[in-house]
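Here's the structure we're looking at; comments come further down.
In our numbering, the protein residues as written are 127 to 253.
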């Protein structure tokens with residue numbers, strides 16, 4: 127090679143980069159053209175289909191107990207008792223205390239699984 131033109135590898139790199147830029151610009155132009163020409167055809171719903179969808183939709187004014195009486199229900203002998211729905215909701219409101227048999231493991235203590243790793247590096251990763 128002659129010193130005035132530069133190294134052949136540098137000339138090759140510049141030409142290749144120019145061709146690459148042209149390719150990217152061509153792809154960009156094609157994408158823009160496709161986006162502008164894009165047409166979405168959405169079929170219009172018939173009145174019959176809309177009526178069916180409306181008929182299938184139901185709303186409840188009181189969704190918590192679906193319209194059942196919540197408090198008192200009269201039994202055949204004349205006394206009143208709470209409804210099954212009220213009993214179920216009262217049973218669900220009672221808090222239970224969970225007691226653990228083992229003391230809490232510190233983050234830097236050995237893991238109780240026996241791996242020898244610190245708890246924070248073993249089973250304590252999720253905590």
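The beta-carbon is built from N, C-alpha and C at its ideal position, and this holds for glycine as well.
Buried or exposed (CB count within 10 angstroms, at least 16 for buried), residue 245: Buried: at least 16 other Cβ atoms inside 10 Å.
Sheet register partners of residue 244 (DSSP bridge): The secondary-structure analysis by DSSP pairs residue 244 across a beta bridge with 236.
Sequence-distant residues of its chain with Cβ nearer than 6 Å to residue 133 (five each side left out): Correct list: empty, nothing qualifies.
Measuring only the C-alpha atoms, how far is residue 135 from residue 242? Going by the C-alpha atoms only, they are around 58 Å apart.
Residue 169 in three-state terms, based on DSSP: The answer is coil: DSSP assigns residue 169 none of H, G, I, E or B.
Between which two residues does the alpha helix (DSSP H) carrying residue 160 extend? Element bounds for residue 160: 134-163.
Can you grab the Cα-Cα spacing for the pair residue 177 / residue 167, in whole Å? For residue 177 and residue 167, the gap between their C-alpha atoms comes out near 22 Å.
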